[in-house]
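> Got a structure here, written out as C-alpha cells. Questions coming.
Number of protein chains: 2
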Amino acid sequence: MNMNIDTLFIELNKSDPLPLYEQIYNQIRADIIQGKLQVGMKLPSKRQLGNFLNVSQTTVESAYGQLAAEGFIVSIPRRGFFVQAIEELSYVQPTQLIATPLRTPKEKIEIDFSPGHIDTDHFPFKNWRKHAKDIIDESSKELLLLGDPHGDLELREEIAQYLYHSRGVDCTPEQIIIGSGTEQLLPLIIRILGKKTTFAIEDPGYPLTHYVFSHHERKAIPIPVDKKGMDIHTLQETNADVTYVTPSHQFPTGAVLSAPRRIALLNWASEKDHRFIIEDDYDSEFRYTGRPIPALYGMDQGQNVIYISTFSKSLMPSLRIAYTVLPNALLQRYQDAFIHYVSTVPRLDQHVLARFMKAGDFSKHLNRMRTIYKRKLHVLLSTLARYKPVISYSGEETGMHITLSIETGETEEQLVQKASAAGIHLYSLNSYRTSKKANNRSFIIGFGGIREEDIPKSIHRLMKAWKIPQKN
Amino acid sequence: MNMNIDTLFIELNKSDPLPLYEQIYNQIRADIIQGKLQVGMKLPSKRQLGNFLNVSQTTVESAYGQLAAEGFIVSIPRRGFFVQAIEELSYVQPTQLIATPLRTPKEKIEIDFSPGHIDTDHFPFKNWRKHAKDIIDESSKELLLLGDPHGDLELREEIAQYLYHSRGVDCTPEQIIIGSGTEQLLPLIIRILGKKTTFAIEDPGYPLTHYVFSHHERKAIPIPVDKKGMDIHTLQETNADVTYVTPSHQFPTGAVLSAPRRIALLNWASEKDHRFIIEDDYDSEFRYTGRPIPALYGMDQGQNVIYISTFSKSLMPSLRIAYTVLPNALLQRYQDAFIHYVSTVPRLDQHVLARFMKAGDFSKHLNRMRTIYKRKLHVLLSTLARYKPVISYSGEETGMHITLSIETGETEEQLVQKASAAGIHLYSLNSYRTSKKANNRSFIIGFGGIREEDIPKSIHRLMKAWKIPQKN
Chain B
2 MNMNIDTLFI ELNKSDPLPL YEQIYNQIRA DIIQGKLQVG MKLPSKRQLG NFLNVSQTTV
62 ESAYGQLAAE GFIVSIPRRG FFVQAIEELS YVQPTQLIAT PLRTPKEKIE IDFSPGHIDT
122 DHFPFKNWRK HAKDIIDESS KELLLLGDPH GDLELREEIA QYLYHSRGVD CTPEQIIIGS
182 GTEQLLPLII RILGKKTTFA IEDPGYPLTH YVFSHHERKA IPIPVDKKGM DIHTLQETNA
242 DVTYVTPSHQ FPTGAVLSAP RRIALLNWAS EKDHRFIIED DYDSEFRYTG RPIPALYGMD
302 QGQNVIYIST FSKSLMPSLR IAYTVLPNAL LQRYQDAFIH YVSTVPRLDQ HVLARFMKAG
362 DFSKHLNRMR TIYKRKLHVL LSTLARYKPV ISYSGEETGM HITLSIETGE TEEQLVQKAS
422 AAGIHLYSLN SYRTSKKANN RSFIIGFGGI REEDIPKSIH RLMKAWKIPQ KN
Chain P
2 MNMNIDTLFI ELNKSDPLPL YEQIYNQIRA DIIQGKLQVG MKLPSKRQLG NFLNVSQTTV
62 ESAYGQLAAE GFIVSIPRRG FFVQAIEELS YVQPTQLIAT PLRTPKEKIE IDFSPGHIDT
122 DHFPFKNWRK HAKDIIDESS KELLLLGDPH GDLELREEIA QYLYHSRGVD CTPEQIIIGS
182 GTEQLLPLII RILGKKTTFA IEDPGYPLTH YVFSHHERKA IPIPVDKKGM DIHTLQETNA
242 DVTYVTPSHQ FPTGAVLSAP RRIALLNWAS EKDHRFIIED DYDSEFRYTG RPIPALYGMD
302 QGQNVIYIST FSKSLMPSLR IAYTVLPNAL LQRYQDAFIH YVSTVPRLDQ HVLARFMKAG
362 DFSKHLNRMR TIYKRKLHVL LSTLARYKPV ISYSGEETGM HITLSIETGE TEEQLVQKAS
422 AAGIHLYSLN SYRTSKKANN RSFIIGFGGI REEDIPKSIH RLMKAWKIPQ KN
C-alpha cells in the first residue's frame, strides 16, 4: 500500500531550534504510534518527501535513518521504507521538569549530641587537597579504570602497617578488603559465613548492624551488655556461631570489654569449628587514658577473629572507606564467592588516602585530634561534674561519646521532649536496644561534633531544660 | 593472698624505646595470662613497686591503670590491686609483618579488547582537578559529615537536568538515588520489589547482574536476545514479574531494542500490577548515528520503568557513581525499607561531579568523547571491512564495543587460544550466556580503551593469528 504523500501532515518550522530532520522524525513517529500511519504502508521516497517539504534528501535520510534504527520503519532494498508493526502506546511527552528544592526546613536543632558527628574544624584540608591534586593528574590515568576488587594494594599496605603499629593487628595486605563502610562490608562477610549462621549481637548495639542482619534474613540473638561489655556467659548459652562485638568501646554504652571476657570470648570461638568473632573497632584510635587496648584480633591464636574498622571517625564519615581483615580460613572462601565483585570505593580516593597515610599525615592528624577530643572530653566531664550526683556518666575512656544517666522521677520520653523543646537533639540508650527497654534514663552524649567552647553552655542548657540544679 | 614482691620478675630496660610503664604493663599482663600470677593475688602497692623497680609511682600507676582498664586487675578501694579471674590463653606476639608485594606478573596481554575499558588519554584531568581543589576546602567542612542517604541534592539536580535533556527522562531529583555502581544499586531495588519476585534477564547478558540475582536468591529466567534485542514473545510466556533489560545497546550483543518490542515490553509491564522493567542505560551517551534513542522510561505511561545508569562509561569506571530513577510507586517503599541506610558514595566526589556537570564540563566532555569514539569506531570498522565476508559485525550504533562474528571451521576455544598466543585477550559472546552456548563464533570487541592508531595493527594481528586473509 503506497501512501498518498498528502496524508503526511508534516509541518516544518525553520525557526525552531530543533533540527529539521528531528521535526520530520518526531511527526512521523507520532503518526505511527497513534496509528495514523498503518502497518505495511510505504513511505514516500527520500527524493519525493524532500521535494514535497522543500528540504534536502539528506535531511529526510536522517529522519528515516532514525526511525529505522528505532524500528518504526524498515528499509527493504530497492523497494523503499515501510511502516512496521507496533502495538499502540501513546508516547508521553515530557512535562516540565519540576526541580523544586527538596530541602525541608530542618527541625530546629541547635545542639546535636549525635555520636556520629566528628570535629570538622580541624580537618587537614590543605594536606588532603595537596594529595588530591597530585593524584588527579595525567600520570594517574591508569586509575580511571577499575582496580583490584579488594582495594588497591597501595592503600592495603598502608592499612596493614597502621594496624600493626597502632592496633596490634598483624596481618598481610592480602587479608585486607577495602569497602564503602561497615554496612557495605558486613553483607559480604555474612555471605561467606553461610546461610545457616546464627549471629549474636550486642544489646544495646549499633542499629545499622542489626538492620544488616535482618535485611539478610539472618538470625541475630541479642546479648546483654554491662559495664564490662558483652555478657559472655549469656553468649555461651546460645547456639550462636558468630558474635558481632565492639570490644574497644562498646557502642553505645562505651564499655571496654574486660580482659577476662576477651579471653572467654576467644575461647568460645575456638571451642567449635566455624565459630567466628566479628570485631568492630570503629573508634579505637581515640583513647585518652593509658595505652590503646590492643584489638582482639591480635590476641587470637585460632584465627577466628574477623576485624573490621573504618575511617569514618578518624578522618570523616562522608569518605566512605572502611576495611576488614579476614582470617586466612575465610580468605579463600571470600575470593571464590566474589570472583566477579567490583570494588565500590573510588580509586582516586583510595590513592589520596594511601598517600596521606604514607606521608605521615594520618598519624599526625590522629595525634592532633586525640588532643582536641581529649580537651573536649575534659570540658564535658568537668561541666557534668557540677550536676553530680543527679547525673552520672560512663564510657569516657575512648572515642567521641559518653553515656549520661539521670536519676529523676521523669520518664525518658519526657526528658527527650524537654531537651527537644530547648533545641537539643538527644539519643537515648534505649533507642539502641533490640530487646526490652531498660528502666534507667540514659543518653548518648556525642561530643566530637561540638566546639569546645560550646560544650559548657550546651550542657548547662540541657540541665536547665531538665531543671537539674548546679552545685555551688 | 599477698604477693612476695620478689616473685614479680620485671626487667626494665631504660634504653628501650618502649615507655617504662608499658614494659611493666607488658610483663605483668603476660604473667597473668600465663597463670604465673594467680587469681585473687594482691599486687604490690604503687609505692612498693615504684621503690623496688626504681621508677616513679606515676609510672606504676599508669601500668596498673592500663591493666585495670583491660580487666586484668581490679582496684579495691583502700585494699589495693588484685589479679582478676581470666581463662588461660597465650597471647600471640605479632610476628614480623609480611608485606610482600601482591602483584603477580600479569599474563602477557598486549591487546585487551575488554568492553569495560574506556579512553583514558582524553580525560579532562585539569577540569576535574580544578573542581576537586575548589571542593576540598575549609568552606566545605560540612561535607565531611554524612549527607543525604539518597545522594546529595546538588548532584541529583544535575542528573535530573541531564536526563531530561539528553535521555528524554522526565523525573524530579526526589526520584533519584545515587549509588556506587549498578551492582550496588541493584540489590536495593531487588529488596523493595519483594522476596517472591521472579526476574527475567537477557541471555546473553551482563554477568554481574546475573550474579546479583543469584546472590540474592532470586529466580532469574534467561530470555533470548536477537538482532532486535530481547525476545518479548518469550518473555510474555514466562511468569516473570520484573524484566532487566539494556534497550539502548544490549550488553553484550549491541542490539538496539526495536520500537515494536519497546512498546510490547511497556505493555507487558502495564498488563498486571507489580510488573516492572529495570532499564539499564549504561552506555547510551555514545550514539554515533542519528539522534540518541530515548530511554524506555520516557515512553512509559504507567510508571513501570526503573531507570538505572552510571558514569562508568561517560567518565571513568573507577569513579563508582551510578544512579537509579524510581517510579513514584516505588519511592515510598524505598524510603521505608532504607530508613537507616547510609550512602556509599563519598560526598566530596558527589560535589566534584555536581560542579563538573553544572559548569558544562560534562557535556563538553561527552561531545568530545563522542567524536573520539566515533573516530575509533570508524577506524575499527574500516579495518574489519578488509576481512569481509569471513568476518562480520553488528552492534556498531552505540557504545564502546561491537560484536564480531567469524565464519570458520575452528571452534570458539581454538580461536580464543590462538588470539591469546598472539597476546590478545578476547571475550566470547558465549561467555556471557546463562543458558546453552550458541554454535556461532562471536566475540565482543571493546574499542574504547585502545588508541586510535593502535586499532588497525591490533585487528591485523588478530586476523593474522586466525589466518584470515586481507582482501586486496
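For the protein sequence lines, the chains are B and P, in the order given.
Counted the way this note's numbering counts, the first sequence spans residues 2 to 473.
Counted the way this note's numbering counts, the second sequence spans residues 2 to 473.
All C-beta atoms in this analysis are idealised placements derived from N, C-alpha and C, irrespective of residue type, glycine included.
The model shown is predicted, which means the values in this text are computed figures rather than measured ones.
#1: Of all the options P/Ser-443, P/Lys-465 and P/Ala-70, which has the alpha carbon lying nearest to the alpha carbon of P/Asn-431?
#2: Which whole-angstrom value is the C-beta distance of P/Ala-296 and P/Tyr-308, which I expect to be below 8 Å?
#3: Given P/Thr-59, which residues of its chain have a CB within under 7 Å of its CB, disregarding the five upstream and five downstream residues?
#4: Please report the Cβ distance between P/Ile-119 and P/Gly-449, rounded to the nearest whole angstrom; I am assuming they are in contact, meaning their Cβ atoms lie under 8 Å.
#5: Output the distance between the C-alpha atoms of B/Ala-386 and B/Ile-407, rounded to the nearest integer angstrom.
#6: Just grab the DSSP bridge partners of P/Ser-310 for me.
#7: Kindly indicate which three-state DSSP category P/Val-391 falls into: helix, strand or coil?
#8: Is the region 334-341 of chain P in contact with the region 307-323 of chain P, if contact means three or more CB pairs nearer than 8 Å?
#9: Going by beta carbon distance, what residues of the same chain come within less than 7 Å of P/Asp-32, once the five residues before and after it are set aside?
#10: Would P/Ala-260 pass as a contact of B/Gly-72 if the rule is Cβ separation under 9 Å?
#11: Does any residue of chain B have a CB that is nearer than 9 Å to the CB of P/Glu-139?
#12: What residues of chain B sit near P/Asp-122, judged by a beta carbon separation below 8 Å?
#13: I need the straight-line Cα distance from B/Gln-97 to P/Asp-171, nearest angstrom please.
#14: Closer than 9 Å, CB to CB, is P/Glu-71 near chain B or not?
#15: Any beta carbon of chain P sitting closer than 9 Å to that of B/Pro-208?
#16: When the distance is taken between beta carbons, is B/Gly-299 closer than 9 Å to B/Thr-247?
#17: My understanding is that P/Ile-178 touches P/Thr-325, with C-beta atoms under 8 Å, so please give their C-beta distance in whole angstroms.
#18: So which residues of chain P does B/Glu-398 contact, with C-beta pairs closer than 7 Å?
#19: In angstroms with no decimal places, state the Cα-to-Cα distance between P/His-366 and P/Lys-131.
#20: Along chain P, in chain order, which residues have C-beta atoms closer than 7 Å to that of B/Trp-129?
#21: Taking just the CA atoms, how far does P/Thr-435 sit from B/Asp-149?
#22: Can you tell me the Cβ-Cβ gap for B/Ile-425 and B/Leu-463, rounded? I've got them flagged as a contact below 8 Å.
#23: Since B/Met-231 sits in a beta bridge, which residues does DSSP pair it with?
#24: Which residues in chain B sit within 7 Å of P/Arg-348, going by Cβ to Cβ distance?
#25: Would you kindly work out how many angstroms separate the C-alpha atoms of P/Tyr-22 and B/Ile-294, rounded to a whole number?
#26: From what residue to what residue does the alpha helix (DSSP H) around P/Arg-192 run?
#27: List the whole-angstrom C-beta distance separating P/Thr-183 from P/Asp-281, where the pair is believed to meet the contact cut-off of C-beta under 8 Å.
#28: Going by beta-carbon coordinates alone, are P/Gln-176 and P/Leu-327 separated by less than 9 Å?
#29: If I measure Cβ to Cβ from B/Arg-376 and keep anything under 8 Å in the same chain, skipping five residues before and after, which residues do I get?
#30: Examine chain B for any beta-carbon lying closer than 9 Å to the beta-carbon of P/Gly-66, and answer yes or no.
#31: Jot down the residue ranges of each uninterrupted beta strand (DSSP E) in the region 37-67 of chain B, minimum 3 residues, whole runs only, in chain order.
#32: Could you work out which residue in P/Phe-357, P/Asn-27 and P/Asn-473 is closest to P/Ile-136 when comparing CA atoms only?
#33: Out of B/Leu-320, B/Ile-74, B/Trp-269 and B/Tyr-388, which has the shortest C-alpha to C-alpha gap to P/Leu-146?
#34: Could you give the DSSP three-state label for P/Tyr-165: helix, strand or coil?
#35: Run through chain B and tell me which residues come within less than 8 Å of P/Lys-134, C-beta to C-beta.
#36: Quick one: is B/Leu-147 near chain P, going by C-beta distance under 9 Å?
Taking the definition as stated:
#1: Stepping through the second sequence from its first residue, residue 431 of chain P is reached at position 430. For P/Asn-431, the nearest C-alpha among the options comes from P/Ser-443.
#2: To locate residue 296 of chain P, count along the second sequence from 1; it is residue 295. To locate residue 308 of chain P, count along the second sequence from 1; it is residue 307. Yes, P/Ala-296 and P/Tyr-308 are in contact; Cβ-Cβ is about 6 Å, under 8 Å.
#3: Position 58 of the second sequence holds residue 59 of chain P. There are no such residues.
#4: For the purposes of this step, residue 119 of chain P is taken as residue 118 along the second sequence, with counting starting at 1. For the purposes of this step, residue 449 of chain P is taken as residue 448 along the second sequence, with counting starting at 1. About 5 Å separates the two Cβ atoms, so the contact holds.
#5: Stepping through the first sequence from its first residue, residue 386 of chain B is reached at position 385. Stepping through the first sequence from its first residue, residue 407 of chain B is reached at position 406. Between B/Ala-386 and B/Ile-407, the C-alpha separation is close to 13 Å.
#6: As a position in the second sequence, residue 310 of chain P is number 309, starting the count at 1. DSSP lists P/Tyr-324 as the bridge partner or partners of P/Ser-310.
#7: Counting from 1 along the second sequence, the entry for residue 391 of chain P is found at position 390. In the displayed model, P/Val-391 falls within coil according to three-state DSSP, outside both helix and strand.
#8: Too few Cβ pairs lie closer than 8 Å, so no.
#9: Within the second sequence, numbered from 1, the residue matching residue 32 of chain P stands at position 31. Counting only Cβ-Cβ distances below 7 Å, and skipping sequence neighbours, we find Leu-38.
#10: Here residue 260 of chain P corresponds to residue number 259 of the second sequence, with the count starting at 1. Here residue 72 of chain B corresponds to residue number 71 of the first sequence, with the count starting at 1. Yes, these two residues count as a Cβ contact at 9 Å.
#11: Residue mapping note: residue 139 of chain P aligns to position 138 of the second sequence, counting from 1. Any Cβ of chain B closer than 9 Å to the Cβ of P/Glu-139 would place that residue at the interface, and such an atom is present.
#12: The sequence position of residue 122 of chain P within the second sequence is 121, counting from 1. For P/Asp-122, the neighbours in chain B by C-beta distance under 8 Å run, in chain order, Lys-142.
#13: To locate residue 97 of chain B, count along the first sequence from 1; it is residue 96. To locate residue 171 of chain P, count along the second sequence from 1; it is residue 170. The pLDDT assigned to B/Gln-97 is 32, lower than 50, so where the model puts this residue is not dependable; a value taken from the coordinates is nonetheless given after this. About 8 Å.
#14: For this step, residue 71 of chain P is matched to residue 70 along the second sequence. So yes, P/Glu-71 belongs to the interface.
#15: Start at 1 with the first residue of the first sequence, and residue 208 of chain B comes out as number 207. By this cut-off, B/Pro-208 is an interface position.
#16: Within the first sequence, numbered from 1, the residue matching residue 247 of chain B stands at position 246. Within the first sequence, numbered from 1, the residue matching residue 299 of chain B stands at position 298. No, the Cβ-Cβ distance between B/Thr-247 and B/Gly-299 is not below 9 Å.
#17: As a working mapping, residue 178 of chain P is identified with position 177 in the second sequence. As a working mapping, residue 325 of chain P is identified with position 324 in the second sequence. Contact holds; Cβ gap of about 5 Å.
#18: In the first sequence, the residue the question calls residue 398 of chain B occupies position 397. Neighbours of B/Glu-398 on chain P, chain order: Ala-70.
#19: For the purposes of this step, residue 366 of chain P is taken as the residue at position 365 of the second sequence. For the purposes of this step, residue 131 of chain P is taken as the residue at position 130 of the second sequence. The alpha-carbon atoms of P/His-366 and P/Lys-131 are separated by roughly 15 Å.
#20: Numbered from its first residue, the first sequence carries residue 129 of chain B at position 128. The answer, in chain order, is Ile-137.
#21: Taking the first sequence and counting its residues from 1, one reaches residue 149 of chain B at position 148. Taking the second sequence and counting its residues from 1, one reaches residue 435 of chain P at position 434. In this structure, the straight-line span from the alpha carbon of B/Asp-149 to that of P/Thr-435 is close to 25 Å.
#22: Looking up residue 425 of chain B in the first sequence gives position 424. Looking up residue 463 of chain B in the first sequence gives position 462. Contact holds; Cβ gap of about 5 Å.
#23: The count along the first sequence starts at 1 and reaches residue 231 of chain B at position 230. Looking at the DSSP assignment, B/Met-231 forms a beta bridge with B/Val-226.
#24: Along the second sequence, read from residue 1 onward, the residue named residue 348 of chain P stands at position 347. Correct list: Ser-319.
#25: Counting from one through the second sequence, the residue named residue 22 of chain P turns up at place 21. Counting from one through the first sequence, the residue named residue 294 of chain B turns up at place 293. Using only the alpha carbons, I get a separation of about 14 Å.
#26: Numbered from its first residue, the second sequence carries residue 192 of chain P at position 191. 183-193 is the span of the alpha helix (DSSP H), which, as asked, contains P/Arg-192.
#27: Indexing the second sequence from 1 puts residue 183 of chain P at position 182. Indexing the second sequence from 1 puts residue 281 of chain P at position 280. The C-beta distance from P/Thr-183 to P/Asp-281 rounds to 6 Å, short enough to fall under 8 Å.
#28: Along the second sequence, read from residue 1 onward, the residue named residue 176 of chain P stands at position 175. Along the second sequence, read from residue 1 onward, the residue named residue 327 of chain P stands at position 326. Yes, the pair counts as a contact, with Cβ atoms nearer than the cut-off.
#29: Your numbering for residue 376 of chain B matches position 375 in the first sequence. Cβ within range, chain order: Glu-453.
#30: Numbered from its first residue, the second sequence carries residue 66 of chain P at position 65. Judged by the 9 Å Cβ criterion, P/Gly-66 is in contact with chain B.
#31: Fully enclosed beta strand (DSSP E) runs of 3 or longer: not present.
#32: Taking the second sequence and counting its residues from 1, the one referred to as residue 136 of chain P is at position 135. Ranked by Cα distance from P/Ile-136, the first of P/Phe-357, P/Asn-27 and P/Asn-473 is P/Phe-357.
#33: The residue given as residue 146 of chain P occupies position 145 in the second sequence. Nearest option by C-alpha distance: B/Leu-320.
#34: In the second sequence, residue 165 of chain P corresponds to position 164, counting from 1. P/Tyr-165 falls in the helix class under three-state DSSP.
#35: Your numbering for residue 134 of chain P matches position 133 in the second sequence. Arg-130, Ala-133 and Lys-134, listed in chain order.
#36: Position 146 of the first sequence holds residue 147 of chain B. B/Leu-147 belongs to the set of residues whose beta carbon lies under 9 Å from a beta carbon in chain P.
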